[in-house]
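All remarks here apply to the structure that follows.
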Amino acid sequence: MTAEAPARPAAPPVGSGAIGRAVLRTLWFIVLLSALVFPITLGVVGAYIGMIACLLLVPLLVLDKAAREATFAEPASRLLALAFVLLLMAFSLSAREPNDVLLIVNFLPLLLFLPAYAASRRLASPLGVRVVALVTTAALGLAVLVARHSLTLDTVDRAQLPNDNSLHFAALLTVLSGIALMGLFSRKAVVRLAGIVGMVLGFIAVLWTQSRGAVLAYPVFGLFALLVALRHYGVSRRLSVATVVGLVLAGTLAVLVLDDQRRALTGFAMVLEFLRTGEVSEVSAAVRLDLYTAAIEAFWQKPWFGHGWAHFYAATDAIVRERMGPASRYAAFGHLHSDLADFAVAAGVLGIAALALILFAPIAGALASPSDGWRSARLYGALALSSSYAVLGATNLMFGWELQTASYVFIAAIVLGFCRAEKPAPRP
C-alpha cells in the first residue's frame, strides 16, 4: 500500500498578515467614510474615492474562499447583481447605437456591494452598531455646519453642498438621519441618545435645504424605528402596532389642522391636496405631475425594454412639448424626478423589476441574517435605507447618479456585514 500524501494546509485568508490586515482595515475605513461622511464633505468625489477603495478590495473577494462564500450566500448580493443584469439586458436590447449600452456604467456601484460586504463581514464587530451610529451623528453635526455656512453666501437661499444642489444635499441628510437612529438598539444609553441627536441635527439641516420630499421620509423611517425598537425591547406585537397606528393618526390630524407655510413642511399639504383633487397648485409639483403623466405614455410606447438610459428623457420631453408647447422649464432636468418613472421609461418592465430588487435587497439581507443580538438593528437599518430611498426617489433621481447609488450600496454593505455580534467562522 502506498502512503497517502499529507493534506495540503489551507491557505491563510487574504489580509490575515499584519500588513494585509492594515491594508484591509484602511480600505474598509475609506468605504465607511464614503458611506457616512464623505457625501457631506466631498460630494460626488467622496463616492469615487469609495468606489476605488472597493475595487482595491476585489482581491479579498476573489482569493479568500470564506469571504467569497459568505458574500455570494448573502441575499442582497444576489438581488443587486440580478438588478444590474436586468438593466444591462434592457439597455442592450433598446440600444440605438453601441455607446448606449455603455451607460450601464451608472449602475456599476451595484456590483461594488460584493467587495464592500466581503470586507465588512471580515471586520464584523459587536461594536458595529455603536460605530455606525456615532460616526453618522458626527457627520450630521458637520452637515449642520456646512448647511449653515452655505446660507451665509449671497448666491443661495437654500442650504446646499458646494458645487451641488439643495435636493441632493437634503437626500443625503435624510438617509443619514435614518441610519443614525440605529443607535436606539445599542446597549449604551449615550449611543441611543447620540442616535436621536443625529436624527434631529439632520432634520434641522434638511429644513434649511427647504426640500419637501426629504421631509416626507422622516415619518416613514421614524415609524419603522419605533416599531422595530418596541419589538426589540420586548413590547408585545399588538401594543407596538397600536402605538405606531396611533402616531400615524395623530400625525395625519396635525397635518390637517396646522397650517405651516415653511416650504419644507408644505409637502404634506400638497400630498393631501393631490389626494383630494388629483391636482396640485404649486408650480414645481405641477411640473412633476406633467412629467409623470408623460412618462406613463412613454412607457407604453416601449413597455418591455424601454427607450434606453440615453433616450428616456428625450422620449418623455417630446410628449410634454407636444401637449403643452415649448416650455424651457422642462429642458434642463435630464431626468423625470422619479426613480420609478426613470426606470420604467428607460428599461421598461425589466427596469421596474430592477428597481424593486434594488430597494428590497437590504431588507432581504436583514431578514435572512442570524438572530445574533443585532438583528433588530440590521433590520431597522435596512428598512430605513430602503424606505428613505423609496420616498426620496418618488420625486427625485436617486439611483443612476454616482453619489446616491454608491452611498446606498456602501451603507447596505456596512449595515448587513459590519453590524454583527460575531465574525463569520473560517471554513476549511
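In case it helps, our numbering puts the sequence shown at residues 1208 to 1635.
Note that CB positions come from ideal geometry on N, CA and C, so glycine has one too.
Just so you know, these numbers come straight off a predicted model, no measurement behind them.
Under the 10 Å beta carbon count, residue 1521 is surrounded by fewer than 16 other beta carbons and is classified as exposed. The alpha-carbon separation between residue 1269 and residue 1355 amounts to approximately 45 Å. According to DSSP, residue pairing for residue 1261 in a beta bridge does not occur. About 22 Å separates the beta carbons of residue 1611 and residue 1340, which is beyond the 8 Å limit, so they are not a contact pair. Per DSSP, the continuous alpha helix (DSSP H) segment holding residue 1272 begins and ends at 1272 to 1280. The residue from 1588, 1575, 1508, 1576 with its alpha-carbon nearest to that of residue 1552 is 1508. Excluding residues up to 5 positions away in sequence, 1316, 1319, 1613 lie with their Cβ nearer than 7 Å to the Cβ of residue 1258 in the same chain. About 24 Å separates the beta carbons of residue 1398 and residue 1323, which is beyond the 8 Å limit, so they are not a contact pair.
Three or more Cβ pairs closer than 8 Å define a contact, and the segment 1304 to 1311 falls short of that threshold against the segment 1275 to 1283. Secondary structure note for residue 1332: it is in no alpha helix (DSSP H), with a DSSP letter that is neither H nor E. If only complete runs of 3 or more residues are kept, the segment 1292 to 1332 shows no beta strand (DSSP E) anywhere. When the five nearest sequence neighbours on each side are left out, the beta carbons in the same chain lying within less than 7 Å of the beta carbon of residue 1628 are those of 1333, 1579, 1580, 1581, in order along the chain. Under the criterion of beta carbons closer than 8 Å, residue 1368 and residue 1250 qualify as touching, at roughly 5 Å. Distance from the Cα of residue 1512 is smallest, within the candidate group 1415, 1229, 1294, for 1294. The Cβ atoms of residue 1593 and residue 1570 lie closer than 7 Å to each other. With 16 or more other Cβ atoms from the protein chains shown falling within 10 Å of its own Cβ, residue 1615 counts as buried. Between residue 1495 and residue 1439 the beta-carbon gap is near 37 Å, outside 8 Å, which marks them as no contact. Considering only 1524, 1331, 1589, 1559, the residue with the shortest C-alpha distance to residue 1289 is 1559. The shortest CA-to-CA distance from residue 1308 to any of 1515, 1601, 1524 is the one to 1515.
Residue 1548 and residue 1502 do touch by the CB rule: their CB atoms are close to 4 Å apart, below 8 Å.
A straight line joining the alpha-carbon of residue 1264 with that of residue 1365 spans about 38 Å.
In the DSSP assignment, residue 1373 falls within the unbroken alpha helix (DSSP H) covering 1373 to 1387. Apart from sequence neighbours up to five positions away, the residues of its chain that approach residue 1325 with a beta-carbon distance below 8 Å are 1264, 1267, 1268, 1271, 1274, 1275, 1277, 1278, 1624, ordered along the chain. Taking every protein chain shown into account, the CB of residue 1226 has fewer than 16 other CB atoms within 10 angstroms, so this residue is exposed. Distance from the CA atom of residue 1557 to the CA atom of residue 1542, rounded to whole angstroms, is 18 Å. Membership of residue 1516 in any alpha helix (DSSP H) is not indicated, and neither H nor E is assigned to it by DSSP. Proximity to residue 1575 across 1236, 1285, 1253 peaks at 1285, based on C-alpha coordinates. The residues 1546, in chain order, have a CB closer than 6 Å to that of residue 1600 in the same chain once the five nearest residues on each side in sequence are set aside.
Cβ-Cβ separation between residue 1607 and residue 1313: approximately 5 Å, consistent with a contact (criterion under 8 Å). Residue 1518 and residue 1344 have their C-alpha atoms some 40 Å from each other.
Take residue 1393, set aside five residues on each side of it, and the residues of its chain with a beta-carbon closer than 6 Å to its own are 1336, 1337, 1399, in chain order.
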